[in-house]
Amino acid sequence: MTPQPTGRRETRDGHDSVVIDRTFRAPIASVWAAVTESDRLARWVGTWTGDPTTGSVLFRMNAEGDDIEPETFTIHECVPPRRIALTSQVAGAPNAFHFLLELTEVAGTTTLTFSQSVPDQDMATGVGPGWEYYLDRLVAAETGADVAGVDFGDYYPAQSDYYRALFA
């Protein structure tokens, strides 16, 4: 079953981006930990190694196979538990990717607004469905649901046309 795509196109920190929200019935500190602590990230997307106080970490996605190489993520801004701005430069890619995670809490409910820069329409067809998938895995991890039950095949390529149209 294909989930309804929820992303939108916005300019975030000066970059044309895919923006996706997810809401949690959890305090902001808990959601912040889920998106910044390596052991919590491992439940839904990947792990990082290194010392964040140096301004960068190595990040390796864990749901895309065993041959995925780690990427260097540069930390440009970190304001716990509200905002983190990062870039990733994939070897051989012409552009760095800009990520922004912003969290707000109202009455015990936390909203995560996630964005990734998207340089063109073709990139949007994979980035949008990919982050819909990963953020639904985050929701599953944080609500105690089966993360393995979130199937990438339900998102891609089914949501690709939606994201292509957003960036047309």
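Read in UniProt numbering, the sequence shown has 65 at position 65, and its numbers run on one by one without any break. C-beta: ideal position from N, C-alpha, C; glycine also.
Span of the alpha helix (DSSP H), counted from its first residue to its last, around residue i
i      : result
ALA85  : Careful: ALA85 lies outside any alpha helix (DSSP H), inside the beta strand (DSSP E) at 83–88.
ILE28  : 28–36
VAL139 : 121–143
ARG43  : Counting along the chain, ARG43 falls outside any alpha helix (DSSP H), and DSSP gives it neither H nor E.
ALA165 : 160–166
Supposed contact pair residue j and residue i - C-beta distance, whole angstroms, cut 8 Å
i           : j      : result
THR125      : ARG164 : 5 Å
VAL106      : VAL118 : That belief does not hold up - the Cβ atoms of VAL106 and VAL118 are roughly 29 Å apart, past 8 Å.
residue 170 : ASP21  : Not covered by the structure: residue 170. The range shown for the chain is 1 to 168.
ARG43       : VAL147 : 6 Å
GLU142      : ALA26  : 6 Å
Bounding residues of the beta strand (DSSP E) (the contiguous stretch that carries residue i)
i     : result
ILE20 : 15–24
ARG12 : 8–12
GLU69 : No beta strand (DSSP E) holds GLU69; DSSP gives it neither H nor E.
PHE59 : 56–61
Rounded separation between residue i and residue j - CA only
i           : j      : result
VAL139      : GLY92  : 32 Å
GLY130      : THR2   : 13 Å
residue 169 : TYR162 : Residue 169 is absent from the model: the chain starts at 1 and stops at 168.
GLU64       : PHE152 : 10 Å
TYR155      : ASP136 : 10 Å
MET123      : ASP51  : 30 Å
SER38       : GLY46  : 8 Å
PRO157      : CYS78  : 33 Å
VAL18       : ASP66  : 27 Å
TYR133      : LEU86  : 20 Å
SER88       : PHE99  : 8 Å
Exposure label - residue i; buried when at least 16 CB within 10 Å
i      : result
GLY144 : exposed
ARG40  : buried
ARG12  : buried
VAL90  : exposed
ALA168 : exposed
GLN116 : buried
GLY4   : The sequence given here has Gln at residue 4, not Gly. Classification of GLN4: exposed, given that the 10 Å Cβ count is below 16.
ILE84  : buried
GLN121 : exposed
(message) Does the structure place the region 52–64 close enough to the region 26–35 that three or more beta carbon pairs sit under 8 Å?
(response) no
(request) Would you be able to state if there are at least three C-beta pairs under 8 Å between the region 111–119 and the region 15–31? (result) yes
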